[in-house]
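I have placed the structure first, in the form of structure tokens, so that the comments after it can refer back to it.
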Amino acid sequence: SAAHANAMAARLAAGVRDLPGVRLTREPEVNAVFATLPREAAERVRERYFFYDWDAATGEVRWMCGFDTTEADVDGFVTVLAGALS
Numbered sequence: 001s002a003a004h005a006n007a008m009a010a011r012l013a014a015g016v017r018d019l020p021g022v023r024l025t026r027e028p029e030v031n032a033v034f035a036t037l038p039r040e041a042a043e044r045v046r047e048r049y050f051f052y053d054w055d056a057a058t059g060e061v062r063w064m065c066g067f068d069t070t071e072a073d074v075d076g077f078v079t080v081l082a083g084a085l086s
């Protein structure tokens, strides 16, 4: 459901909010999370996960959650991102 996708986006935002080098560019209101992060970290994460550059000039990316996104999916992404930033 849309409510579930939105909840997973909120979980994702909470998981990445305090990671060094990550800055949420807006609070998630639906199932999308927008953030900036170092380009090198984004490329490492892209080895495992697909996501779009929202604004390549600023390093802003868009992460989307769907009706079938699980808590484990979100937590796994956060773990991979944290590793890419270290």
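Letter by letter, the sequence shown follows residues 1 to 86 of this note's numbering.
The C-beta atom is built at its ideal place from N, Cα and C for all residues, glycine as well.
Here the structure is a predicted model, which means the values were calculated and not measured.
What three-state label does DSSP hand residue i in the structure shown?
i, result
"residue 24", "strand"
"residue 60", "strand"
"residue 48", "coil"
"residue 17", "coil"
Span of the alpha helix (DSSP H) holding residue i?
i, result
"residue 79", "71-85"
In the DSSP assignment, the beta strand (DSSP E) including residue i goes from what residue to what residue?
i, result
"residue 33", "32-36"
"residue 52", "52-55"
Between residue i and residue j, how many whole angstroms is the CB-CB distance? I'm expecting something under 8 angstroms.
i, j, result
"residue 66", "residue 31", "7 angstroms"
CB residue i to CB residue j, shorter than 8 angstroms?
i, j, result
"residue 23", "residue 35", "yes"
"residue 41", "residue 21", "yes"
"residue 74", "residue 17", "no"
"residue 69", "residue 5", "yes"
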